[in-house]
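Here's the structure, in structure tokens; my notes come after.
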Amino acid sequence: MLDGSDPILQVSDLKTVFATRDGDVHAVNGVTFSIQAGELLGVVGESGSGKSVTMMALMGLLPSPPAKIAGGSILYQGREVRGRSAKEMRRLRGGEIGFVFQDPMTSLNPVFTVGYQIVEPIRKHLGLSKRAARARAADLLDLVGIPDARRRLDDFPHQFSGGMRQRVMIAIALSCDPKVLIADEPTTALDVTIQAQILEIVRDLREKLGMGIIWITHDLGLVAGIADRVMVMYAGHVVEHGTVERIFRAPQHPYTRALLGTIPNLTGPRAERLASIEGQPPILMEEPRSCPFAPRCSHVFNRCRVENPSRRFVADGHDVACWWDFRTDEAYRGG
Ligand code: ADP
Ligand code: MG
Numbered sequence: 016m017l018d019g020s021d022p023i024l025q026v027s028d029l030k031t032v033f034a035t036r037d038g039d040v041h042a043v044n045g046v047t048f049s050i051q052a053g054e055l056l057g058v059v060g061e062s063g064s065g066k067s068v069t070m071m072a073l074m075g076l077l078p079s080p081p082a083k084i085a086g087g088s089i090l091y092q093g094r095e096v097r098g099r100s101a102k103e104m105r106r107l108r109g110g111e112i113g114f115v116f117q118d119p120m121t122s123l124n125p126v127f128t129v130g131y132q133i134v135e136p137i138r139k140h141l142g143l144s145k146r147a148a149r150a151r152a153a154d155l156l157d158l159v160g161i162p163d164a165r166r167r168l169d170d171f172p173h174q175f176s177g178g179m180r181q182r183v184m185i186a187i188a189l190s191c192d193p194k195v196l197i198a199d200e201p202t203t204a205l206d207v208t209i210q211a212q213i214l215e216i217v218r219d220l221r222e223k224l225g226m227g228i229i230w231i232t233h234d235l236g237l238v239a240g241i242a243d244r245v246m247v248m249y250a251g252h253v254v255e256h257g258t259v260e261r262i263f264r265a266p267q268h269p270y271t272r273a274l275l276g277t278i279p280n281l282t283g284p285r286a287e288r289l290a291s292i293e294g295q296p297p298i299l300m301e302e303p304r305s306c307p308f309a310p311r312c313s314h315v316f317n318r319c320r321v322e323n324p325s326r327r328f329v330a331d332g333h334d335v336a337c338w339w340d341f342r343t344d345e346a347y348r349g350g
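The sequence shown lines up with residues 16 to 350 when you count with the numbering used here.
Written as structure tokens, this is what we have:
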């Protein structure tokens with residue numbers, strides 16, 4: 016935590032499983048993090064590391080069955096979210112926690128104007144008149160940098176470019192004044208220049224609106240410029256977490272270091288990036304007793320194969336789940 020104020024959202028030891036024909040898949044295995052007002056948390060990790068499932072779980076969007084929250088707690092403004100009714104969860108999502116997904120299920124409806132798609136949630140959640148809701152919708156489009164916002168309300172989604180559509184999605188997510196915005200790889204499909212513009216807008220909004228923002232990406236380079244803190248996930252675990260300075264200057268987990276190694280030059284062209292880390296994240300049929308990264312790790316030793324490390328303190332605002340200690344360059348001696 017960056018300061019002493021209470022977090023808006025506090026997730027502790029969250030666990031989720033999916034029932035499948037082959038048995039339970041343990042997708043999230045004890046995830047703990049929090050977010051404060053005005054703060055941007057970057058969540059990174061390869062595809063399959065449990066980023067989306069974690070966020071879906073806390074928004075009550077996991078389909079159950081097959082998914083089940085198997086443990087942990089989710090406090091929003093100090094109150095437990097688990098166990099709330101579907102109606103309460105809808106209210107939370109509509110009015111308190113905004114989200115932008117790459118998922119087509121939550122993207123724009125081609126048959127309605129963009130204005131309609133922003134005005135409707137505003138009217139529903141804030142109870143504004145049509146006229147007031149429309150004025151607010153235009154302000155929001157303006158806020159996310161859509162030129163000629165008032166007129167563009169009457170346009171349909173296909174009349175916007177991909178980047179502009181993603182801005183509209185952000186405007187919709189912001190329409191009810193959320194205290195937390197969760198963005199799950201929303202720019203992955205966009206080209207690098209447009210991505211940079213959207214990140215710029217979001218960073219700006221965080222300051223203007225004072226929300227907490229959770230930005231999910233498989234691209235560690237992308238969070239370098241925008242995040243305050245970074246949480247690195249692997250196999251449904253948080254393997255490292257720290258301020259952006261710490262993560263980029265003194266990464267402590269071999270996985271984080273490997274991810275950083277795939278960014279030869281943070282400002283360089285993507286084409287120059289190294290392929291990836293050898294191997295793949297595991298699909299876990301039970302909660303791991305060894306370190307789930309051990310099979311791919313450059314620093315693996317005996318303890319890693321018999322004991323799954325929990326997160327340990329490294330420095331102020333920095334923790335890691337690893338049995339290797341890069342500060343001394345030998346095995347960590349603590350428990
Ligand atoms: P990320 O967002 O980091 O790419 P996800 O959170 O989507 O990863 O998925 C994490 C893991 O959860 C996947 O590797 C997969 O094993 C499991 N998972 C996700 N959805 C399902 C499902 N519907 N059925 C079974 N397993 C699933
Ligand atoms: Mg995902």
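For glycine and all other residues, C-beta sits at the position ideal for the given N, C-alpha and C.
Within the present structure, is the beta-carbon of residue i separated from the nearest heavy atom of the ligand MG by less than 7 Å?
i, result
"Glu200", "yes"
"Ser88", "no"
Specify, as a first and last residue, the run of the alpha helix (DSSP H) that residue i falls within.
i, result
"Val68", "66–74"
"Glu103", "101–110"
"Arg264", "259–264"
"Ala186", "177–189"
Give every residue of the same chain whose Cβ lies closer than 8 Å to the Cβ of residue i, excluding the five residues on either side of it in the sequence, and list them in chain order.
i, result
"Arg180", "Ser122, Leu123, Pro172"
"Asp344", "none"
"Arg304", "Val321, Glu322, Asn323"
Residues in its own chain within less than 6 Å of residue i by CB, not counting five upstream and five downstream?
i, result
"Glu54", "Gly227, Asp243"
"Val329", "Gln267, Val335"
May I ask you to report which of helix, strand or coil DSSP gives residue i?
i, result
"Lys194", "coil"
"Arg151", "helix"
"Ala309", "helix"
"Glu95", "strand"
"Glu222", "helix"
"Leu214", "helix"
"Asp163", "coil"
"Arg348", "coil"
"Val238", "helix"
"Asp206", "coil"
"His140", "helix"
"Val115", "strand"
"Trp338", "coil"
"His252", "strand"
"Val134", "helix"
"Arg304", "coil"
Say the cut is 7 Å; is the CB of residue i nearer than that to a heavy atom of the ligand ADP?
i, result
"Thr35", "yes"
"Lys66", "yes"
"Ala42", "yes"
"Ile298", "yes"
"Ser49", "no"
"Gly45", "no"
"Pro307", "no"
"Gly63", "yes"
"Pro81", "yes"
"Gly60", "yes"
Ends of the beta strand (DSSP E) at residue i?
i, result
"Ala85", "82–91"
"Gly45", "38–50"
"Arg272", "Segment 269–276 is the alpha helix (DSSP H) holding Arg272; no beta strand (DSSP E) there."
"Met248", "244–249"
"Thr31", "24–35"
"Gly227", "227–232"
"Val126", "Note, Val126: premise wrong, no beta strand (DSSP E); not H, not E."
"Val58", "55–59"
For residue i, which residues from the same chain have a beta carbon less than 7 Å from its beta carbon, with the 5 sequence-adjacent residues on both sides left out?
i, result
"Leu169", "Position check: residue 169 holds Asp in this sequence, whereas Leu was assumed. So the qualifying residues of the chain are Thr128, Gly130."
"Ala164", "Ala153, Leu156, Asp157"
"Glu61", "His233, Pro296"
"Arg221", "Gly53, Leu55, Ile228"
"Leu141", "Cys191"
"Leu143", "Ile137, Arg151"
For residue i, count neighbouring C-beta atoms within 10 Å of its own C-beta (all shown protein chains included) and say buried if the count is 16 or more, exposed if not.
i, result
"Phe316", "exposed"
"Val46", "buried"
"Val58", "buried"
"Gly113", "buried"
"Asp219", "exposed"
"Gly349", "exposed"
"Gly9", "Past the edges of the chain, shown from 16 to 350, lies residue 9, and the structure says nothing about it."
"Arg166", "exposed"
"Lys145", "exposed"
"Ile298", "exposed"
"Pro125", "exposed"
"Pro307", "buried"
If we cut at 8 Å on Cβ distances, does residue i have a partner in chain B?
i, result
"Asp192", "No chain B appears in the structure shown, which is made up of a single protein chain."
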